[in-house]
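Numbering (the UniProt record's numbering), first residue to last: 1 to 895.
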């Protein structure tokens with residue numbers, strides 16, 4: 001049932017279910033976005049009184065109730081120009097009425113703009129758009145599809161080898177690029193007009209969201225933030241309550257990171273607190289303006305932006321506008337792991353899987369009271385040091401006088417994506433070089449398959465994960481339990497040592513994270529396409545810019561790209577590797593032979609360099625510099641060329657200068673290979689940009705098909721994965737096969753940020769070491785097939801979680817302790833009656849009773865009840881009761 005209601009606050013009308021109306025003058029309206037309101041209305045969804053807002057309304061048509069939504073819809077246009085209407089008359093005089101807008105200014109049919117197919121390589125990048133909705137409508141503007149981009153690259157390159165020609169305008173997929181760019185610009189203008197209209201309609205919605213956004217971005221954890229935290233009623237009054245609470249404290253897993261590819265977990269097991277990885281989420285830096293080595297007129301002259309209803313002078317100058325995006329004019333801030341769920345000073349051990357998962361280490365170990373140990377392999381430590389030093393150098397070389405902080409107080413009034421930022425009040429400025437050195441000094445280097453004792457309670461062991469140099473999966477074992485932490489693994493054949501999965505089998509718990517960020521892309525095909533794009537760019541006289549990290553896939557890029565350049569006749573174009581740690585990165589890659597694949601190791605014994613880039617350096621095909629202002633760079637620099645430099649976020653580093661230098665030339669091309677950042681968001685502060693853009697993200701970590709196959713092979717009892725892995729990725733919502741599969745032979749436990757989950761580990765046995773004197777006193781009695789029991793007397797000493805049974809050397813054990821015997825077994829009723837007869841008790845009368853028998857001694861007025869697990873003797877004489885007890889004990893076995 002539906003009615004038509006006038007919303008008094010904004011003078012609009014809408015069809016609403018009768019269940020949403022309260023007292024004929026108030027109405028609930030959903031706060032959902034994404035076009036779901038119309039669905040709620042059609043299906044008459046029950047209102048969520050906790051989250052939906054209550055509006056003042058007036059029911060039109062004398063309270064007319066419609067039993068069909070379409071009938072109400074037909075009446076809705078009549079109400080647009082009428083202050084009220086009579087449902088008994090189809091035509092009313094509306095000349096003197098004040099027109100009102102339907103609470104749906106735009107329907108899905110009202111915008112019909114043909115969208116031309118977007119080519120892969122383009123001279124401009126579409127601004128990102130977000131879906132916007134209004135009442136009774138489903139309007140969604142679909143953003144650029146990355147999967148579509150990847151599919152379009154191959155035909156674009158193959159069908160038109162001269163796509164980068166100087167004299168021709170490229171034609172891709174049947175479109176003339178010049179005409180297509182004009183149509184795209186016209187399309188953008190039309191879309192911006194519609195966005196302006198919609199912005200006016202959603203102003204009131206933004207105000208409604210203010211309270212909710214403040215809660216989301218609060219510094220303090222709310223009940224919703226930790227969905228499965230401890231819920232215990234104190235005081236604890238019973239032993240069972242104490243046991244349950246103790247289990248929660250012993251075997252738990254905490255998730256401190258909102259990014260599964262930058263993991264950070266806390267595992268409490270056997271009274272030991274372990275941190276598994278300490279990844280640093282850098283998505284927050286995309287909201288900041290780039291840091292430039294030199295003064296940039298373009299960035300400095302960007303218009304200052306203020307919310308329309310904010311007059312706070314402190315906010316002025318903190319936000320700047322470029323196109324449809326708002327950026328923070330301040331040094332970038334990062335989102336560290338959650339620090340309010342656990343005190344970092346309580347952490348005993350940190351296990352690091354690879355150098356990309358240790359970027360938050362200084363935030364955790366410095367200034368927090370941390371006194372534990374940190375374990376990592378040698379390449380992880382050395383290359384991780386390079387990444388940390390490079391990050392600090394990039395930011396410290398471009399200091400800014402102003403530090404923007406006031407914008408966080410107006411987060412709900414800011415446009416997308418700032419208003420959707422994750423915990424902005426917890427963001428932090430980058431650490432300094434001193435903190436980096438102090439945190440790295442805590443790391444103890446370990447080798448593959450090296451067992452490390454953790455305070456006597458656990459053993460941890462790293463095995464090769466095949467992802468990058470020194471990357472590890474960790475095996476955590478106690479005497480009878482086994483936990484496997486699988487992070488950043490790869491089954492592909494690249495330069496690191498292959499993945500060792502045999503040691504990971506049959507775990508009680510398998511924690512899996514850091515799967516591929518490009519589930520619909522193949523790393524091999526992306527690598528091949530990158531080589532083609534770069535080579536064709538060079539043939540067209542342009543330069544290729546590749547933002548990258550100073551280690552990892554870049555070693556494979558040097559090798560493959562040099563071969564492809566030679567095949568296409570552009571081998572004379574130089575390659576430049578620019579990074580504050582470029583020289584150290586290239587050096588370490590050649591001396592860490594034991595951590596490489598067998599093919600790379602064999603080159604060392606020839607003897608030869610394991611990587612071809614050593615030969616490229618000797619032949620001056622590859623040149624490395626710390627910065628673009630380093631000595632000798634201006635002399636050696638020549639165009640066209642290929643430049644590898646950081647940072648992949650495009651917010652700091654030498655890449656900022658190259659984009660400013662090459663961005664206005666359509667012959668040049670920027671190629672994105674790192675999957676950590678959205679390339680459209682990364683380019684947003686540089687728009688409009690003329691250089692071509694290619695997205696060839698290369699992620700060699702496990703995809704979902706490989707992960708599911710590996711899980712079947714490992715056969716864990718319990719599988720723990722991020723919640724996002726059990727539903728299709730956002731980039732491919734229809735591909736339901738891109739999930740972690742469920743199975744009846746294992747338990748699947750999903751988790752999300754801030755959640756505490758109880759691991760199903762039940763310790764049933766423990767190990768005790770005993771002295772020879774104690775062992776000699778053991779006299780085992782077989783109580784059933786394969787099970788023997790014996791009593792022990794001694795002193796139990798527990799130190800560093802190791803249990804030792806020692807002999808009482810001083811003879812302090814009492815006679816009672818030495819002579820203690822323990823009875824076991826079932827009572828043989830016939831034998832019991834015979835022994836009573838021998839003692840003169842002959843008047844026993846036996847009757848069956850439940851699970852046992854009842855023996856009645858009539859003369860003694862006594863009753864004996866014998867069951868499987870207990871025996872009761874009821875009589876008035878203590879002397880008789882003791883006689884019966886002694887007879888009964890003679891019928892039981894002892895040890």
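Yeah, the Cβ is synthetic: ideal placement off N, Cα and C, and Gly gets one too.
(request) Have a look at 776, 894, 834 and 826 and flag the residue whose alpha-carbon is nearest the alpha-carbon of residue 851. (result) By one-based count along the chain shown, residue 851 stands at place 851. Residue 826 holds the alpha-carbon nearest to the alpha-carbon of residue 851 among 776, 894, 834 and 826.
(message) Taking contact to mean 3 or more Cβ pairs, one atom from each stretch, closer than 8 Å, check whether the region 455-472 and the region 370-380 are in contact.
(response) Touching, yes.
(request) Would you mind listing the beta strand (DSSP E) stretches within the region 650-681 that are 3+ residues and don't spill past its ends, in chain order? (result) Every beta strand (DSSP E) stretch that sits fully inside the region 650-681 and reaches 3 residues is listed by chain position as 669-672.
(request) With DSSP as the reference, please indicate the residues paired to residue 453 in a beta bridge. (result) On the chain shown, position 453 is the one that residue 453 refers to. Looking at the DSSP assignment, residue 453 forms a beta bridge with 459.
(message) residue 676 and residue 261 - do their beta-carbons sit closer together than 9 Å?
(response) What you label residue 261 is simply residue 261 of the chain shown in a count that begins at 1. What you label residue 676 is simply residue 676 of the chain shown in a count that begins at 1. Contact flag set, yes.
(request) Tell me whether the beta-carbon of residue 458 lies closer than 9 Å to the beta-carbon of residue 272. (result) The sequence position of residue 458 within the chain shown is 458, counting from 1. The sequence position of residue 272 within the chain shown is 272, counting from 1. For the pair residue 458 and residue 272, the CB atoms are nearer than the 9 Å cut-off.
(request) Please determine if the region 302-312 and the region 700-713 are in contact, where contact requires at least 3 C-beta pairs separated by less than 8 Å. (result) No, the region 302-312 is not in contact with the region 700-713.
(request) Evaluate residue 392 with the Cβ neighbour count: other Cβ atoms within 10 Å of its Cβ, from every protein chain shown; 16 or more gives buried, anything less gives exposed. (result) Against the chain shown, residue 392 aligns to sequence position 392. Looking at its Cβ environment, which holds 16 or more other Cβ atoms inside 10 Å, residue 392 is buried.
(request) With distances taken Cα to Cα, identify the nearest neighbour of residue 19 among 804, 540, 727 and 44. (result) Counted from its first residue, the chain shown places residue 19 at position 19. The shortest CA-to-CA distance from residue 19 to any of 804, 540, 727 and 44 is the one to 44.
(request) Have a look at 841, 828, 446 and 631 and flag the residue whose alpha-carbon is nearest the alpha-carbon of residue 853. (result) Looking up residue 853 in the chain shown gives position 853. Nearest of 841, 828, 446 and 631 to residue 853, Cα basis: 828.
(message) Which residue marks the beginning of the alpha helix (DSSP H) containing residue 385, and which one marks its end?
(response) Residue mapping note: residue 385 aligns to position 385 of the chain shown, counting from 1. Start and end: 378-396.
(request) List in chain order: all unbroken beta strand (DSSP E) runs of 3+ residues lying wholly within the region 327-373. (result) DSSP runs (the beta strand (DSSP E)) wholly in the region 327-373: 349-351.
(message) So the candidates are 600, 532, 726 and 797; which of them puts its Cα closest to the Cα of residue 671?
(response) In the chain shown, residue 671 corresponds to position 671, counting from 1. For residue 671, the closest alpha carbon among the candidates 600, 532, 726 and 797 is that of 532.
(message) My parser needs the alpha helix (DSSP H) runs of 4 or more residues fully inside the region 523-553; what are they?
(response) Runs of alpha helix (DSSP H) with 4 or more residues, each lying fully within the region 523-553, are found at 523-539, listed in chain order.
(message) Which residue wins for smallest C-alpha separation from residue 734, given the options 742, 614, 864 and 519?
(response) Along the chain shown, read from residue 1 onward, the residue named residue 734 stands at position 734. From the listed residues 742, 614, 864 and 519, the smallest Cα separation to residue 734 is found for 519.
(message) According to DSSP, is residue 590 part of a helix, a strand, or is it coil?
(response) As a working note, residue 590 is residue 590 in the chain shown. In the structure shown, residue 590 sits in a helix (DSSP, three-state: H, G or I).
(message) On the CB-based measure, 16 or more other CB atoms within 10 Å of its CB, does residue 318 come out buried or exposed?
(response) For the purposes of this step, residue 318 is identified with residue 318 of the chain shown, where counting begins at 1. The residue is buried, with at least 16 neighbouring Cβ atoms inside 10 Å.
(request) List the endpoints of the continuous beta strand (DSSP E) containing residue 288. (result) The residue given as residue 288 occupies position 288 in the chain shown. No beta strand (DSSP E) holds residue 288; DSSP gives it neither H nor E.
(request) With a cut-off of 8 Å on the beta carbons, I'd call residue 664 and residue 542 a contact; round off their distance for me. (result) The count along the chain shown starts at 1 and reaches residue 664 at position 664. The count along the chain shown starts at 1 and reaches residue 542 at position 542. With 8 Å as the limit, residue 664 and residue 542 do not qualify as a contact, their Cβ atoms being about 12 Å apart.
(request) Report yes if the CB atom of residue 357 is closer than 9 Å to the CB atom of residue 279, and no otherwise. (result) Residue 357 sits at position 357 when you count from the first residue of the chain shown. Residue 279 sits at position 279 when you count from the first residue of the chain shown. Against a cut-off of 9 Å, the Cβ pair of residue 279 and residue 357 comes out as a contact.
(request) Return the chain-ordered list of same chain residues with a C-beta closer than 6 Å to the C-beta of residue 325, the five sequence neighbours on each side being excluded. (result) As a working mapping, residue 325 is identified with position 325 in the chain shown. Once the five neighbours on either side are set aside, the close Cβ partners of residue 325 are 684.
(request) Report all residues from its chain with a CB closer than 6 Å to the CB of residue 860; omit the five preceding and five following residues, and keep chain order. (result) Start at 1 with the first residue of the chain shown, and residue 860 comes out as number 860. In chain order, 880 place their CB closer than 6 Å to the CB of residue 860, counting only its own chain and leaving out the 5 sequence neighbours on each side.
(request) Using three-state DSSP, classify residue 278 as helix, strand or coil. (result) Here residue 278 corresponds to residue number 278 of the chain shown, with the count starting at 1. When secondary structure is reduced to three states using DSSP, residue 278 falls in the coil class, being assigned neither helix nor strand.
(message) Buried or exposed, going by whether 16 or more other CB atoms sit within 10 Å of the CB of residue 74?
(response) Translated into the one-based positions of the chain shown, residue 74 becomes position 74. Exposed: under 16 other Cβ atoms inside 10 Å.
(request) Taking all protein chains shown into account, decide if residue 600 is buried (16 or more other Cβ within 10 angstroms of its Cβ) or exposed. (result) Position 600 of the chain shown holds residue 600. It counts as buried.
(message) For residue 5, report the span of its beta strand (DSSP E) as first-last.
(response) If you number the chain shown from 1, residue 5 lands on position 5. 2-7 is the extent of the beta strand (DSSP E) around residue 5.
(request) Apply the 10 Å Cβ neighbour rule to residue 647 and answer buried if 16 or more other Cβ atoms are within range, or exposed otherwise. (result) Here the question's residue 647 lines up with position 647 in the chain shown. Residue 647 should be labelled buried.
(request) Look at the alpha carbon of residue 483 and the alpha carbon of residue 510, and state the distance between them as a whole number of angstroms. (result) Stepping through the chain shown from its first residue, residue 483 is reached at position 483. Stepping through the chain shown from its first residue, residue 510 is reached at position 510. Residue 483 and residue 510: Cα-Cα distance of roughly 6 Å.
(message) Output needed for residue 833: all residues of its chain with C-beta closer than 8 Å, excluding positions within five of it in sequence on either side, in chain order.
(response) Translated into positions along the chain shown, residue 833 becomes position 833. Within the same chain, 844, 846 and 855 come within 8 Å of residue 833 by CB-CB distance, once the 5 residues on both sides are set aside.
(message) Please tell me whether residue 274 and residue 263 are closer than 9 Å, where the distance is taken between their beta carbons.
(response) If you number the chain shown from 1, residue 274 lands on position 274. If you number the chain shown from 1, residue 263 lands on position 263. Their beta carbons are not under 9 Å apart, which means residue 274 does not touch residue 263 by this criterion.
(message) Please state the DSSP three-state secondary structure of residue 111.
(response) Walking along the chain shown from the start, residue 111 turns up at place 111. Confidence at residue 111 is low in this model, with a pLDDT of 33, below 50, so the placement of that residue is unreliable and no value is reported for it.
(message) Just verifying my parser: in three-state terms, what is the DSSP assignment at residue 308?
(response) Looking up residue 308 in the chain shown gives position 308. If DSSP states are grouped into helix, strand and coil, residue 308 belongs with coil.
(request) Look up residue 575 in the DSSP assignment and say whether it is helix, strand or coil. (result) As a working mapping, residue 575 is identified with position 575 in the chain shown. In the three-state reduction of the DSSP assignment, residue 575 falls in the strand class, which pools E and B.
(request) Leaving out five residues on either side along the sequence, give the residues of the same chain with a beta carbon under 7 Å from the beta carbon of residue 499. (result) The residue given as residue 499 occupies position 499 in the chain shown. Correct list, in chain order: 464, 465, 466, 489, 490 and 491.
(request) Please name the residue, chosen from 883, 659, 784 and 630, that lies closest to residue 296 on a Cα-to-Cα basis. (result) Within the chain shown, the letter at position 296 stands for residue 296. Closest option to residue 296, Cα to Cα, is 659.
(message) Assuming the contact rule is C-beta atoms closer than 8 Å, residue 596 and residue 497 should be a hit. Round their C-beta distance to whole Å, please.
(response) As a working note, residue 596 is residue 596 in the chain shown. As a working note, residue 497 is residue 497 in the chain shown. Their Cβ separation, rounded to whole angstroms, is 6 Å, which keeps residue 596 and residue 497 in contact under 8 Å.
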